[in-house]
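As they're listed, the protein sequences go chains A and B.
With this note's numbering as the guide, the letters of the first sequence map in order to residues 39 to 271.
With this note's numbering as the guide, the letters of the second sequence map in order to residues 444 to 780.
As structure tokens, the structure follows; a few thoughts come after it.
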Amino acid sequence: MNLITVSGPPSSGKTSIVLKTIRALHQRSLKVGVVKFDCLYTDDDILYKNAGVPVKKGLSGSLCPDHYFVSNIEEVVQWGRKEELDVLITESAGLCNRCSPYIKDIKAVCVIDNLSGINTPKKIGPMLKTADIVVITKGDIVSQAEREVFASKVHSVNPKAITMHINGLTGQGAFELSTLLYDEKEDIETVKGKELRFSMPSALCSYCLGEKRIGDDYQMGNIRKIKLSDSDD
Amino acid sequence: MKISEIENKYPFSVSFFENNNLDIEGHEDSTLEQYLGHFSEEEIEDWAIDIEKIKTDFTVYIEETLEFLGITDEEKVDSLTIAAGRDKDGNKENFETITINKSEIVSIVGATGSGKSRLLADIEWVANKDTPTERKITINGKIPDSKWRFSSSNKLVAQLSQNMNFVMDLSVREFIGLHAQSRMVKNEEEIIVRIIDAANYLAGEHFNLDTPITSLSGGQSRALMIADTAILSTSPIVLIDEIENAGIDRKKALNLLVSEEKIVLMATHDPSLALMAGKRIVIKNGGISNVIETSKEERGMLVELEKMDKIVNDLRTSLRKGEILENMEWEEVMQNA
Numbered sequence: 039m040n041l042i043t044v045s046g047p048p049s050s051g052k053t054s055i056v057l058k059t060i061r062a063l064h065q066r067s068l069k070v071g072v073v074k075f076d077c078l079y080t081d082d083d084i085l086y087k088n089a090g091v092p093v094k095k096g097l098s099g100s101l102c103p104d105h106y107f108v109s110n111i112e113e114v115v116q117w118g119r120k121e122e123l124d125v126l127i128t129e130s131a132g133l134c135n136r137c138s139p140y141i142k143d144i145k146a147v148c149v150i151d152n153l154s155g156i157n158t159p160k161k162i163g164p165m166l167k168t169a170d171i172v173v174i175t176k177g178d179i180v181s182q183a184e185r186e187v188f189a190s191k192v193h194s195v196n197p198k199a200i201t202m203h204i205n206g207l208t209g210q211g212a213f214e215l216s217t218l219l220y221d222e223k224e225d226i227e228t229v230k231g232k233e234l235r236f237s238m239p240s241a242l243c244s245y246c247l248g249e250k251r252i253g254d255d256y257q258m259g260n261i262r263k264i265k266l267s268d269s270d271d
Numbered sequence: 444m445k446i447s448e449i450e451n452k453y454p455f456s457v458s459f460f461e462n463n464n465l466d467i468e469g470h471e472d473s474t475l476e477q478y479l480g481h482f483s484e485e486e487i488e489d490w491a492i493d494i495e496k497i498k499t500d501f502t503v504y505i506e507e508t509l510e511f512l513g514i515t516d517e518e519k520v521d522s523l524t525i526a527a528g529r530d531k532d533g534n535k536e537n538f539e540t541i542t543i544n545k546s547e548i549v550s551i552v553g554a555t556g557s558g559k560s561r562l563l564a565d566i567e568w569v570a571n572k573d574t575p576t577e578r579k580i581t582i583n584g585k586i587p588d589s590k591w592r593f594s595s596s597n598k599l600v601a602q603l604s605q606n607m608n609f610v611m612d613l614s615v616r617e618f619i620g621l622h623a624q625s626r627m628v629k630n631e632e633e634i635i636v637r638i639i640d641a642a643n644y645l646a647g648e649h650f651n652l653d654t655p656i657t658s659l660s661g662g663q664s665r666a667l668m669i670a671d672t673a674i675l676s677t678s679p680i681v682l683i684d685e686i687e688n689a690g691i692d693r694k695k696a697l698n699l700l701v702s703e704e705k706i707v708l709m710a711t712h713d714p715s716l717a718l719m720a721g722k723r724i725v726i727k728n729g730g731i732s733n734v735i736e737t738s739k740e741e742r743g744m745l746v747e748l749e750k751m752d753k754i755v756n757d758l759r760t761s762l763r764k765g766e767i768l769e770n771m772e773w774e775e776v777m778q779n780a
């Protein structure tokens, strides 16, 4: 089984891209399944179901979505094997723009969109910088020049990645992506013992543990203060 | 090599540091290695810095940019050839090969959903019998280097889509400047002036370099983008999707693109645009069902069509000026036009 991790900011077009790409994989008679990770709510699983794709969803609720991802990915892989999938795609929402639930040696795709602003490539951390393939969407809405500028910004923060444009509505480019995703020789049996490409943000302050009150007296653990005095400028 | 030396030798490295949030100020005398070594463990974790990755990325970035800057004339695209594949039902397409030379315009006609996007995608991907249509695209008569597929700075195709909204909050000057920088052009000021001149030549209403791009009208943004693509884009092939409803001089626009030695493919349903092209590709059921050379007779019709376009355009101008449209004697108008 091939395992592919897809992430990207909310509403960047991940689901559309994955759906269009699966259509191309289906034409090659490959069995594709999806596990959708999200935070509070998603109904993307219905879209996948309607497309005839075996799908599971996981909502992280009050947990950090990427911590939730990494503590469940092995079980997800075993589900995919039980379903006898050729390709298992995990789709996760990159919510804080830092995390990358990418695993070493597992293909990582980051989806970002042209509408998100010219400095976005600068703002997104490992999620963009350590991806193998960067898919840029919504190119039909902006001008050619903006597409080129945006792509060059992406290129400068992740020169090694393959950068491609896909139209999530028409699917232009999705077939091309599908050719990069499936490798006959690859067979993932487990991700046990594999490593993340980048460490998760550190956690555990009193607010992690459910504290709601504000003020020094209630802050414990991993705390950092914003620099506000004039001497810090 | 010291960072200051790197910056001197590879001026474009500045944008690498900037886009990766690497503040090199005050570190000009260190080597890259020393600079990256100065981050504390805390900083590395805080800013999600991956030293090893930055090192390899930097090398790749410099190498690729040098390669991009070193593109020679031998790699220029003189012709594009499409070899027949199959339609949605698996039947062979109704042609053998089509060759389009630079400075040539070909139009693409066909109903919505007939497979125009697929053809454009095949060209963009430089298909080599490896897409659903099994078409084969060759450049200058040869199977091209696959770098056209993945290089972000060296794309084969520039696509002018129907929508040309701008989402950046910049003036025309800043915007073109940003684009010019991403293309690493040396004579930025000169290019900016050339582009705005060309854009004003295409657009009905003039605008200047300090106009915010978001306040340009539909016609003005289109004119700006066409001028920008013609002059600044390195892509030798331009795909245009529905240039009609544009409010710009379409004939001038096409001439501008062609004069910059580009190959122009244009999806259109507008008769006068379709006839401006030397040939047109007809798409049905996912395949090319015909390739029609524009005949002498059709070219003759183009003259009449242009007259009609002119009448409608004049009426439009009158409306804009707030004039009352008079009831015209159509027969007479057509004869005088």
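The beta carbon of each residue, even a glycine, is placed where N, CA and C say it ideally should be.
Bear in mind the structure is a predicted one, so any value in this text is a computation, not a measurement.
### Message
Out of B:Ser-458, B:Asn-756, B:Asp-752, which one is the CA nearest neighbour of Pro-714 (chain B)?
### Response
As a first step, residue 714 (chain B) is located in the second sequence; it is residue number 271 there, counting from the start. The residue with the shortest Cα to Cα distance from Pro-714 (chain B) is B:Asp-752.
### Task
Return the residue from the list A:Ser-109, A:Gly-259, A:Lys-95, A:Thr-158 that minimises the CA-CA distance to Asn-462 (chain B).
Here residue 462 (chain B) is taken as the residue at index 19 of the second sequence, counted from 1. It is A:Thr-158 whose Cα lies nearest to the Cα of Asn-462 (chain B).
### Sequence-distant residues of the same chain with beta carbon closer than 6 angstroms to Tyr-86 (chain A), five excluded per side
Position 48 of the first sequence holds residue 86 (chain A). Result list for Tyr-86 (chain A): Val-72, Val-93, in chain order.
### Query
What residues from the segment 457-487 of chain B come within 7 angstroms of chain A, judged by C-beta to C-beta, listed N to C?
Ser-458, Phe-459, Asn-462, Asn-463, Asn-464
### Message
To be precise: take each residue of the segment 132-163 of chain A, compare its Cβ to all Cβ atoms of chain B, and keep it if any distance is under 8 angstroms. Which residues remain?
### Response
Cβ contacts with chain B: Arg-136, Asn-152, Leu-153, Gly-155, Ile-156, Pro-159, Lys-160, Gly-163.
### Query
Beta-carbon separation of Trp-591 (chain B) and Leu-599 (chain B) under 8 angstroms?
Translated into the one-based positions of the second sequence, residue 591 (chain B) becomes position 148. Translated into the one-based positions of the second sequence, residue 599 (chain B) becomes position 156. Yes, the Cβ-Cβ distance between Trp-591 (chain B) and Leu-599 (chain B) is below 8 angstroms.
### Message
For Ala-62 (chain A) and Val-615 (chain B), I'd like the C-alpha separation in whole angstroms.
### Response
Looking up residue 62 (chain A) in the first sequence gives position 24. Looking up residue 615 (chain B) in the second sequence gives position 172. Looking at the two C-alpha atoms, the distance is approximately 40 angstroms.
### Message
Can you tell me whether His-622 (chain B) is buried or exposed? The criterion is at least 16 other CB atoms within 10 Å of its CB, across all chains shown.
### Response
Within the second sequence, the letter at position 179 stands for residue 622 (chain B). Buried.
### Message
Against chain A, which members of the segment 582-612 of chain B pass a CB distance test of less than 7 angstroms?
### Response
Phe-593, Ser-595, Ser-596, Ala-601, Gln-602, Leu-603, Ser-604, Asn-606, Met-607, Asn-608, Phe-609, Val-610, Met-611
### Task
Answer yes if the segment 563-572 of chain B comes into contact with the segment 199-219 of chain A, meaning at least three C-beta pairs across the two stretches below 8 angstroms, and no otherwise.
Under the 8 angstroms Cβ criterion, the segment 199-219 of chain A counts as touching the segment 563-572 of chain B, having at least three qualifying pairs.
### Task
At 7 angstroms on the CB atoms, spell out the chain B contacts of Asp-200 (chain A), in chain order.
Numbered from its first residue, the first sequence carries residue 200 (chain A) at position 162. The question names Asp, yet the displayed sequence has Ile at residue 200 (chain A). Ordered by position in chain B, the residues that pass the 7 angstroms Cβ test against Ile-200 (chain A) are Phe-593.
### Task
Tell me, please, which residues DSSP counts as bridged to Gln-602 (chain B).
Reading the second sequence from its first residue, position 159 is the one you call residue 602 (chain B). BP columns for Gln-602 (chain B) point to B:Leu-682.
### Task
Note the first and the last residue of the continuous beta strand (DSSP E) segment covering Arg-723 (chain B).
Here residue 723 (chain B) is taken as the residue at index 280 of the second sequence, counted from 1. Segment 722-727, the beta strand (DSSP E) holding Arg-723 (chain B).
### Message
Does the CB of Asp-104 (chain A) have a neighbour CB from chain B at under 8 angstroms?
### Response
Taking the first sequence and counting its residues from 1, the one referred to as residue 104 (chain A) is at position 66. The Cβ of Asp-104 (chain A) sits no closer than 8 angstroms to any Cβ of chain B.
### Query
Whose CA, out of A:Val-115, A:Ser-49, A:Leu-78, lies closest to the CA of Leu-97 (chain A)?
Here residue 97 (chain A) corresponds to residue number 59 of the first sequence, with the count starting at 1. Of A:Val-115, A:Ser-49, A:Leu-78, the residue nearest in Cα terms is A:Leu-78.
### Query
Taking any Cβ of chain B, which residues in the segment 170-184 of chain A have a Cβ under 8 angstroms from it, in chain order?
Gly-177, Asp-178, Ile-179, Val-180, Ser-181, Gln-182, Ala-183, Glu-184
### Query
With a cut-off of 8 angstroms, does the C-beta of Met-668 (chain B) fall near any C-beta of chain A?
Indexing the second sequence from 1 puts residue 668 (chain B) at position 225. Closer than 8 angstroms to some Cβ of chain A, the Cβ of Met-668 (chain B) qualifies, so yes.
#### Entry: Any C-beta of chain A under 8 angstroms from that of Lys-705 (chain B)
Mapped onto the second sequence, residue 705 (chain B) falls at position 262. False, the Cβ-Cβ gap to chain A never drops below 8 angstroms.
### Message
Helix, strand or coil, according to DSSP, for Asn-544 (chain B) in the structure here?
### Response
Looking up residue 544 (chain B) in the second sequence gives position 101. It is a strand residue.
### Message
Using the three-state DSSP reduction, which class does Ser-715 (chain B) fall into: helix, strand or coil?
### Response
Translated into positions along the second sequence, residue 715 (chain B) becomes position 272. Residue state, collapsed to three classes: helix.
#### Entry: Contact set between Asn-260 (chain A) and chain C, taken where Cβ atoms lie within less than 7 angstroms
The structure shown contains no chain C; its protein chains are A and B.
### Query
Excluding sequence positions up to five away, which residues of its chain have a Cβ less than 7 angstroms from the Cβ of Lys-727 (chain B)?
On the second sequence, residue 727 (chain B) is found 284 positions in, with the first residue counted as 1. For Lys-727 (chain B), where only same-chain residues beyond five positions count, the Cβ hits under 7 angstroms are Gly-553, Ser-557.
### Query
Taking the beta strand (DSSP E) that His-203 (chain A) falls in, what are its first and last residues?
Residue 203 (chain A) sits at position 165 when you count from the first residue of the first sequence. That run of the beta strand (DSSP E) goes 200-203.
#### Entry: In DSSP terms, what Asp-76 (chain A) is bridged to
Taking the first residue of the first sequence as position 1, residue 76 (chain A) is located at position 38. According to DSSP, Asp-76 (chain A) bridges with A:Leu-97.
### Query
What does Ser-625 (chain B) touch in chain A if you count any residue whose Cβ is under 7 angstroms from its own?
Residue mapping note: residue 625 (chain B) aligns to position 182 of the second sequence, counting from 1. Within chain A, the residues near Ser-625 (chain B) are Glu-186, Val-187, Ser-190.
### Under 7 angstroms (Cβ pairs) to chain A, residues found in the segment 567-579 of chain B
Trp-568, Asp-573, Thr-574, Pro-575
### Message
Strictly under 8 angstroms for the Cβ-Cβ distance: is Tyr-504 (chain B) near chain A by that measure?
### Response
Here residue 504 (chain B) refers to the residue found at position 61 when the second sequence is read from its first residue. Closer than 8 angstroms to some Cβ of chain A, the Cβ of Tyr-504 (chain B) qualifies, so yes.
### Task
Excluding the 5 residues preceding and the 5 following Val-569 (chain B) in the sequence, name in chain order all residues of the same chain whose CB lies nearer than 8 angstroms to its CB.
Your numbering for residue 569 (chain B) matches position 126 in the second sequence. Same-chain partners within the cutoff: Ile-580, Ile-582, Pro-587, Ser-589, Trp-591, Arg-592, Leu-599.
### Query
For Lys-498 (chain B) versus Thr-474 (chain B), is the C-beta spacing smaller than 8 angstroms?
Locating residue 498 (chain B) in the second sequence gives position 55, counting from the first residue. Locating residue 474 (chain B) in the second sequence gives position 31, counting from the first residue. No, these two residues do not count as a Cβ contact at 8 angstroms.
#### Entry: Cross-chain neighbours of Ala-564 (chain B) in chain A, by beta carbon under 8 angstroms
As a first step, residue 564 (chain B) is located in the second sequence; it is residue number 121 there, counting from the start. The answer, in chain order, is Gln-210, Gly-211, Phe-213, Glu-214.
### Start and end residues, alpha helix (DSSP H) containing Ser-458 (chain B)
If you number the second sequence from 1, residue 458 (chain B) lands on position 15. It spans 456-462 - the alpha helix (DSSP H) in which Ser-458 (chain B) sits, taken as one unbroken run.
### Message
Against chain B, does Ser-194 (chain A) count as a neighbour if the rule is that its beta carbon must be under 8 angstroms from one of theirs?
### Response
Position 156 of the first sequence, counted from the first residue, corresponds to residue 194 (chain A). So yes, Ser-194 (chain A) belongs to the interface.
### Query
Since Val-229 (chain A) contacts Ile-55 (chain A) with CB under 8 angstroms, what's their CB separation in whole angstroms?
Reading the first sequence from its first residue, position 191 is the one you call residue 229 (chain A). Reading the first sequence from its first residue, position 17 is the one you call residue 55 (chain A). About 23 angstroms; that fails the 8 angstroms criterion.
### Task
Report the rounded CA-to-CA distance for Thr-790 (chain B) versus Leu-718 (chain B), giving the unit in angstroms.
Outside the modelled stretch of chain B, which goes from 444 to 780, sits residue 790 (chain B), for which no answer is possible.
### 8 angstroms Cβ cut-off: residues of chain A touching Lys-496 (chain B)
In the second sequence, residue 496 (chain B) corresponds to position 53, counting from 1. Simply Lys-167, Thr-168.
### Task
Spatial neighbours of Leu-659 (chain B) within its chain, please: CB distance less than 8 angstroms, with the 5 preceding and 5 following residues excluded, ordered by chain position.
On the second sequence, position 216 is the one that residue 659 (chain B) refers to. These residues qualify, in order along the chain: Phe-609, Val-615, Phe-650, Leu-667.
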